[in-house]
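*Asks:* Mind having a look at this structure? Questions to follow.
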Amino acid sequence: MNIKNLARKNISFYIRYYKLIAVASLITVAVIVGSLVVGDSVRMTLVRQVEERFGDTEIVIFSRNSFMSSNLLKTSLLKESARGILLTNGFVSQGQKLIPVFVWGVDDMSISKDSVMMNSALADELKQEGTADIVLRLPAKGLVPSGSLFVTENYTTSLRLSSCGVVDAKSGGNISMKNEQIIPFNIFVNRDKLAEVLEVEGKINLILNNKPLSDADLAKVWDYTSSGLKVDRKNGYTEITSDRVFLQEEVVETIRLNNRETNRMFSYFANSIELDGASIPYSFVTATDRYNGDLLKKNEIILSDYSARRLHARVGDTIKVSYFTSKELKILHTDTIQFQVRQIVPLAQLRQDSTLSAEFPGLSDVERCTDWDSDLPINMDLITDEDEDYWKLYRSTPKAIIAYDAVAKEWGNAYGNATAVRVANAEPDLSELTPAIFSIQLISPREAGLDAAKNGVDFSGLFLALAFFIIVSAMMLMLIPLTEMLYQRRHEIELLQSLGYTRKRIVKILWIELAPVVLVASVAGVLVGLLYTSLVMWMLGNVWIGATQTGGFIVYPDLITILIGFFAGITLSLVLLRLMLVKMMKEKQKVSGRKKGSIRTKRVLLILSGVLAIGMIGINVFFLHSVTLFVTTGVVLIGMAALWGDFLITRNASAAKDNFHVSSLTWSTLYAGKKQAMLSFLALATGVFIVFSVGLNRKGFADSSQLRTGTGGYALWCESSVPIYHSMATQAGREKLSLTDLPPDTEILQCLRYSADDASCLNLNKVKNSTVLGIDMNALSASDFQIEQSLYPLERKAFFEQMKARNDSVYPALVDATVLTWGLRLNLGDTLWYEGDKGQRVAIQLAGTLSNSIFQGNILIDQALFREIWEETTGSEVFLLKVDEAEKEEVKSLLSQALNEYGVRILTTNDRLRQFNTVTDTYLTIFMTLGCLGLLLGIMGFVIVIRKNLSMRMREINMYRTLGFTDKRIEMLLYKENLLVPLYALATGFISALIGVSSTFTNAGIWIWLLALIFIIVFMVFVLVFVKISVKEEIEKSKRLFV
Amino acid sequence: MSLIKLSNVKKSFRDGENQLNNVLRGINMEIGKGEFVAIKGASGSGKTTLLSILGTLLQPDGGSYLLDDTEMTTAGVDHSMVRNKQLGFVFQDHRLMPQYTVLENILLPALAYASRTGKEETEYALKLLELTNISGVAHQYPSTLSGGEASRVAVCRALIMKPKLLLADEPTGQLDADNAWNIASLLSEINQNLQTTIVMVTHSEETSSVAHRILTLKEGILR
Ligand SMILES: Nc1ncnc2c1ncn2[C@@H]1O[C@H](COP(=O)(O)OP(=O)(O)OP(=O)(O)O)[C@@H](O)[C@H]1O
Ligand SMILES: [Mg+2]
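Protein sequence lines, in the order shown, are assigned to chains A and B. Residues in the first sequence are numbered from 1 upward in steps of one, following this note's numbering. Residues in the second sequence are numbered from 10001 upward in steps of one, following this note's numbering.
As structure tokens, then:
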């Protein structure tokens, strides 16, 4: 016989208790391992997506605003390793639905010119109606930026292609430039075909290179011709032009800095050239620094002899030139400027200099003036035969030359302030032109992607935090049978002590029984944990897809993680059991009874915790509104309630002096079993607390008036696949967009967008660069959007003024509060870095937060400041409308019809908000599910306690009976005794939750309250019925043992 | 005037093999008010069974039991009330409830029908403690008592409702000779001072000597 044999026998004899201890330690390990592995799995899923997104691409060369020549691919550094891609947004319409897609023009997938391939996500989306032919709508790009004035009126074009297969994830079908886990809709087409349709032959805007590339390497392969600059050597000078017509200011200035005698030229379309009633309509005019080597003064004009004749002008006459200008959204102004005629030159001379006028597609290349295809409001009635004749003979030969300085500011646009630069050198020095000036970026997608994936939403933490309550419940579940068993074995322990065993030795004997049970259970716990992970991953991809927006989660059981979870769990169980064991063995020595002194300590503790709780509630309600504090407050409240309960029991159970009340029977019994009462109270109360606090936080059913601060009073949120370059606020703009039927006072907020990663809760990745919206701060100030926190302690108006001002080189931005905390994981005042259109690094500081709003996923900066950074973004892809509730549907259908070709998708702001709330609510559902699990364990513990309690008291029941207590009275006594704890726990949990969420519970609609009521009733009924049945059963059983 | 009158009381049990075990085969017994009767008998002879029937904890299979001229075997008798108001029990293992103090344990029967105890009851309980010579332990817990003290407390509890009949099942069984004698003489004192009728089961010659009458149970019959 040895101790091990004894232990084995003891285990099998007390198997009832050991089973429970095993279950509890199994749950502990399973929950910890499960939570950790869930985190790993989500992370690995995202990491794997990074690989799917980029394949073997090491570096991406991306030209955001313009195109690059495909010749770049022929350079030796890129030849072997690079794919040239022409990437554009587009959309596919299917019935009523417009599906935004990314269109990838590729040349290496052997896609014929009239076919198309797509990724499986899009195929799944489209398959529902089984389309074989796909009509792809694309922005009509052309090389000339659509946002400039001189472009054709068509902003979109379409392409009918037949579908020829699916590109799976392994072959790069899910390629994406964004760090988002939502699989994009991708369409792959023949690059040449796409270039043809977009009229950008020989151009690409994206290079994926599967070898690393440094900035120096890029500088080596890139030269200015790659970004469309053309250098023509002419007689005595060299002319530099761009295939997108406009030369960026940065480019012009760089050339001027490095070359002597430069001559800037700006070819423009004038509405009229006038002298005393005589007028030439619609003419090309060129502004230039010098003509034939002579500098032009700011007020000088040179006319061709043709123009002079038509205007009857002589040298010295004052000529008026008028033209359209526009600074934003093609809102046109007509400006007129006066010049003195400096010189009259032969038309032939101007004609000879064939590049005096730039080539504007749609204007320069037509046969007749009346064929001019432009979105400028050209009044064809003004065009005379004389004008047509001129056009026939001389085309766009300028009718006048004016001073560059006089108009450059007016004529300059986001894309540039010259159409050509001429330099005197035969070999112009262009060495300081860099790719960055042309907004070409070098991106290491893998690094950024992996960083975003690995630091994304921390599901380990999330699940562990939630599992905390489950673990607490499991611990209770572990201690209850242990105390029970030690009580049962008290005689055995006393016997061992009388036989001379030391306390230490007895603890050791018990330990030898406990430890192997915990060990075996913990090993099983690992397996259960993995099952739990699989279940959670499945749920995340299906039931809880609201939070993740994607399926395809993999289970990733990492050995190290599992070991960490296993050891954490088993250590927790063992330490707890050991502590309890030692403590209980010590208590055996003590004389039982109620201690007088402890009541005073309890009162002090109670008062202290009360003060603490009230303080925390105050701080939370008035100042902090912090989630963590809310949870802590809840825990403190439950602790306080526990102390209060302890105090009550201790006080009420204090010995009877003069009279002895029936309720004393209850209190005394509770006092005797205080430890267990406390354990099951804690387990139940925390369970109830978590279920309620989470439930009351749900927003799903919130009514619309409470949505107001989230929508700011705007009713519709629209996004288009093709930017809208016209203003929706002006009559002219509305005419262009066929929106004249809109109620005239409809308030429209058009936003500019710099597309980067989605920083809303829809994105599981960590977001480094969030999408930026350029927005009118005045409109925002006047709206119902609510500022939650700000760096500037100012009242609303002044705050928004502050938001319009750049602080040195730092741009202030507003951000949605939830995005700040969860998406970006930054603090107020932190700075994000962006790359501007000129390659400059731009600091954007998060200076204020909006409470939960439709702007989730974006950061907001003032529109004017936005233009400073991304000047070439001139079209708006996002706009908001304020319309009356009654007109909402009408406006919606009007918009979707009028703007169909832009691929406009319209969502009511309430729906958009609800979409985000769905995510939050799904997380809360996960919370609740785990909370319910915890509560279930709590209830299990409670049931066990009651059962044990009653069966142990069989003799007592009979004793009562001998003393003449009726069965009814005994039943009443037991009933009361066993109800007190769960009902107190229910009340505590519920009240703590109410106080904890007090700042938000106004969100909860009637539905939630109803649900809460139902929950309370169900819980109470369960407890009442269960206790009643248990008590009855026990009394019946005791009858059989009577005497 | 007899307090108890048993005529032809029978009781049998089924044992583990479902065999009928006729424990009491026809008990006839009469005990007068104020009498102190000891019952002796071999182990398993049915002493506890008989006492349980007297205490209405067990119903006989047949025969009649008159307690203070009331038939106890007929339906409609409120046995709980009878036990509470007219009977007191003392057991070998005293059966005190560990969660209550001595005083509370003694007062416990008073709460079977009332929701609180009054001053007189508390005073009476203290008087009983004095009577049994253990005034000092009133506010102690049962676990801290000596065996003799515990037995005395059990006696006090049995007396708190001023019962007509005190039933004691080997009240001295676990005590040493001195203590056993003390309890026995205590019961004898109570019998004399309070005029309480006592039926005591005992094995011991010495303790039974304090009784007025000694009955022996053998083969299901009283002699
Ligand atoms: N509830 C019962 N079910 C079955 N048999 C029982 C029951 N109660 C008592 N008996 C049996 O009846 C017989 C008499 O039991 P009782 O307890 O009355 O004996 P006793 O004279 O008090 O013995 P002791 O001196 O050992 O206490 C025994 O054989 C016992 O096994
Ligand atoms: Mg017996």
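Note that beta-carbon positions come from the ideal geometry of N, C-alpha and C, so glycine has one too. It should be emphasised that the depicted structure is a prediction, and the values quoted were computed from it without experimental measurement.
Between the segment 961-988 of chain A and chain B, which residues of the former have a C-beta closer than 7 Å to a C-beta of the latter?
*Replies:* Listed in sequence order: Thr962, Leu963, Gly964, Phe965, Thr966 and Arg969.
*Asks:* Within this structure, are the beta carbons of A:Ser439 and A:Glu835 separated by less than 9 Å?
*Replies:* For the purposes of this step, residue 439 of chain A is taken as the residue at position 439 of the first sequence. For the purposes of this step, residue 835 of chain A is taken as the residue at position 835 of the first sequence. In contact: A:Ser439 and A:Glu835 (Cβ atoms closer than 9 Å).
*Asks:* Which complete beta strand (DSSP E) runs does the segment 10012-10045 of chain B hold, if anything under 3 residues is left out?
*Replies:* With a minimum length of 3 residues, the continuous beta strand (DSSP E) runs that stay inside the segment 10012-10045 of chain B are 10020-10032 and 10036-10041.
*Asks:* Is B:Gly10044 a contact residue of ligand 1, with contact defined as CB to any heavy atom under 8 Å?
*Replies:* As a working note, residue 10044 of chain B is residue 44 in the second sequence. Yes, Cβ of B:Gly10044 sits closer than 8 Å to a heavy atom of ligand 1.
*Asks:* Going along the chain, which residues of the segment 10087-10106 of chain B sit with their C-beta nearer than 7 Å to a C-beta in chain A?
*Replies:* If the cut-off is 7 Å between Cβ atoms, the segment 10087-10106 of chain B has Phe10089, Arg10095, Met10097, Pro10098, Gln10099, Tyr10100, Thr10101, Leu10103 and Glu10104 near chain A.
*Asks:* Give the C-beta separation of A:Leu577 and A:Val518 to the nearest angstrom, bearing in mind that I take them to be a contact with Cβ-Cβ under 8 Å.
*Replies:* If you number the first sequence from 1, residue 577 of chain A lands on position 577. If you number the first sequence from 1, residue 518 of chain A lands on position 518. The Cβ separation is near 7 Å, so the contact holds.
*Asks:* Looking at ligand 1, does it come within less than 8 Å of B:Glu10170, judged from the CB to the closest heavy atom?
*Replies:* Here residue 10170 of chain B is taken as the residue at index 170 of the second sequence, counted from 1. B:Glu10170: yes, Cβ under 8 Å from ligand 1.
*Asks:* Is it buried or exposed for A:Arg264, if we count other Cβ within 10 angstroms and need 16 for buried?
*Replies:* Along the first sequence, read from residue 1 onward, the residue named residue 264 of chain A stands at position 264. It counts as buried.
*Asks:* Helix or strand or just coil, what does DSSP make of A:Ile570?
*Replies:* By one-based count along the first sequence, residue 570 of chain A stands at place 570. Of the three classes helix, strand and coil, the one that applies to A:Ile570 here is helix, per DSSP.
*Asks:* With a threshold of 8 Å, are at least 3 pairs of Cβ atoms found where one atom belongs to the segment 312-327 of chain A and the other to the segment 272-281 of chain A?
*Replies:* Yes, the segment 312-327 of chain A touches the segment 272-281 of chain A.
*Asks:* A:Gly1046: which of A:Asn807, A:Leu198 and A:Thr666 sits nearest, CA to CA?
*Replies:* Within the shown structure, residues of chain A are numbered from 1 to 1043, placing residue 1046 of chain A beyond reach of any answer.
*Asks:* Starting from the C-beta of A:Gly529, find all residues in its chain whose C-beta is less than 8 Å away, skip the five residues before and the five after it, and write them out in chain order.
*Replies:* Here the question's residue 529 of chain A lines up with position 529 in the first sequence. So the list reads Val29, Ala30, Val31, Ile32, Val33, Gly34, Val37, Ile562 and Gly565, once near-sequence residues are dropped.
*Asks:* Am I right that A:Met954 and A:Ser1038 are in contact with their C-beta atoms under 8 Å? What's the rounded C-beta distance?
*Replies:* Residue mapping note: residue 954 of chain A aligns to position 954 of the first sequence, counting from 1. Residue mapping note: residue 1038 of chain A aligns to position 1038 of the first sequence, counting from 1. The pair is a contact, with the Cβ atoms about 5 Å apart (cut-off 8 Å).
*Asks:* At what residues does the beta strand (DSSP E) containing A:Pro139 begin and finish?
*Replies:* As a first step, residue 139 of chain A is located in the first sequence; it is residue number 139 there, counting from the start. Per DSSP, A:Pro139 belongs to the beta strand (DSSP E) from Asp133 to Pro139.
*Asks:* Output yes if chain B places a C-beta closer than 9 Å to the C-beta of A:Val662; else output no.
*Replies:* Numbered from its first residue, the first sequence carries residue 662 of chain A at position 662. So, interface residue.
*Asks:* According to DSSP, which residues form a beta bridge with A:Met380?
*Replies:* Along the first sequence, one-based indexing puts residue 380 of chain A at 380. DSSP lists no partner for A:Met380.
*Asks:* With burial defined as no fewer than 16 other Cβ atoms inside 10 Å of the residue's Cβ, what is the status of B:Val10102: buried or exposed?
*Replies:* In the second sequence, counting from the first residue as 1, residue 10102 of chain B sits at position 102. So B:Val10102 counts as buried.
*Asks:* Got a sec? Which residues, its chain only, sit under 7 Å from A:Trp538 by beta carbon, not counting five neighbours each side?
*Replies:* Looking up residue 538 of chain A in the first sequence gives position 538. Excluding positions up to five away in sequence, the list is empty.
*Asks:* What did DSSP end up calling A:Thr918 once you bin it into helix, strand or coil?
*Replies:* Residue mapping note: residue 918 of chain A aligns to position 918 of the first sequence, counting from 1. Reduced to three states, the DSSP call for A:Thr918 is helix.
*Asks:* Taking C-alpha atoms, which residue in A:Lys1028, A:Gly552, A:Leu933 and A:Val50 lies nearest to A:Leu980?
*Replies:* As a first step, residue 980 of chain A must be located in the first sequence, where it is residue number 980. It is A:Lys1028.
*Asks:* Roughly how many whole angstroms lie between the Cα atoms of A:Arg256 and A:Asp429?
*Replies:* Within the first sequence, the letter at position 256 stands for residue 256 of chain A. Within the first sequence, the letter at position 429 stands for residue 429 of chain A. Each residue's Cα considered, the two are about 9 Å apart.
*Asks:* At a CB distance below 9 Å, what residues from the segment 536-566 of chain A approach chain B? Give them in sequence order.
*Replies:* Those would be none; no residue qualifies.
*Asks:* Given that B:Arg10116 touches chain A, what residues does it touch there, using C-beta distances under 8 Å?
*Replies:* Residue numbering aside, residue 10116 of chain B sits at position 116 when the second sequence is read from its first letter. Correct list: Asn659, Phe660, His661 and Val662.
*Asks:* Hey, out of A:Pro793, A:Glu180 and A:Lys9, whose CA is closest to A:Thr548's CA?
*Replies:* For the purposes of this step, residue 548 of chain A is taken as the residue at position 548 of the first sequence. With distances taken between Cα atoms, A:Thr548 lies closest to A:Glu180.
*Asks:* Mind checking who A:Asn89 pairs with in its DSSP beta bridge?
*Replies:* To locate residue 89 of chain A, count along the first sequence from 1; it is residue 89. Paired residues: A:Phe102.
*Asks:* For A:Met616, decide whether its Cβ has a neighbour in chain B, counting only Cβ atoms nearer than 9 Å.
*Replies:* Working through the first sequence from its first residue, we reach residue 616 of chain A at position 616. Not closer than 9 Å to any Cβ of chain B, the Cβ of A:Met616 fails to qualify, so no.
*Asks:* Would the beta-carbon of A:Pro398 fall within 9 Å of that of A:Phe246?
*Replies:* Working through the first sequence from its first residue, we reach residue 398 of chain A at position 398. Working through the first sequence from its first residue, we reach residue 246 of chain A at position 246. Their beta carbons are not under 9 Å apart, which means A:Pro398 does not touch A:Phe246 by this criterion.
*Asks:* Under 9 Å, Cβ to Cβ, is there at least one residue of chain A near B:Val10199?
*Replies:* By one-based count along the second sequence, residue 10199 of chain B stands at place 199. Not one chain A Cβ lies under 9 Å of B:Val10199.
*Asks:* What three-state label does DSSP hand B:Leu10159 in the structure shown?
*Replies:* Translated into positions along the second sequence, residue 10159 of chain B becomes position 159. Helix.
*Asks:* By how many angstroms is the C-alpha of A:Leu780 removed from the C-alpha of A:Val555?
*Replies:* Residue mapping note: residue 555 of chain A aligns to position 555 of the first sequence, counting from 1. Residue mapping note: residue 780 of chain A aligns to position 780 of the first sequence, counting from 1. Looking at the two C-alpha atoms, the distance is approximately 45 Å.
*Asks:* List in chain order: all unbroken beta strand (DSSP E) runs of 3+ residues lying wholly within the segment 511-549 of chain A.
*Replies:* Complete beta strand (DSSP E) runs here, min 3: none at all.
*Asks:* Where does A:Glu1034 sit, in a helix, a strand or coil, going by DSSP?
*Replies:* Counting from 1 along the first sequence, the entry for residue 1034 of chain A is found at position 1034. Helix, per DSSP.
*Asks:* Using alpha carbons as the reference points, say which of A:Leu482, A:Ser853 and A:Asn154 lies closest to A:Lys948.
*Replies:* Position 948 of the first sequence holds residue 948 of chain A. That would be A:Leu482, whose Cα lies nearest to the Cα of A:Lys948.
*Asks:* Rounding to the nearest angstrom, what Cα-Cα distance links B:Ile10183 and A:Leu6 in this structure?
*Replies:* Counting from one through the second sequence, the residue named residue 10183 of chain B turns up at place 183. Counting from one through the first sequence, the residue named residue 6 of chain A turns up at place 6. Cα to Cα, B:Ile10183 sits roughly 42 Å from A:Leu6.
*Asks:* For A:Ala414 versus A:Arg825, is the C-beta spacing smaller than 9 Å?
*Replies:* As a working mapping, residue 414 of chain A is identified with position 414 in the first sequence. As a working mapping, residue 825 of chain A is identified with position 825 in the first sequence. No, the Cβ-Cβ distance between A:Ala414 and A:Arg825 is not below 9 Å.
*Asks:* With DSSP run on the structure shown, which of helix, strand or coil describes B:His10079?
*Replies:* The residue given as residue 10079 of chain B occupies position 79 in the second sequence. Looking at B:His10079 - three-state DSSP - the assignment turns out to be helix.
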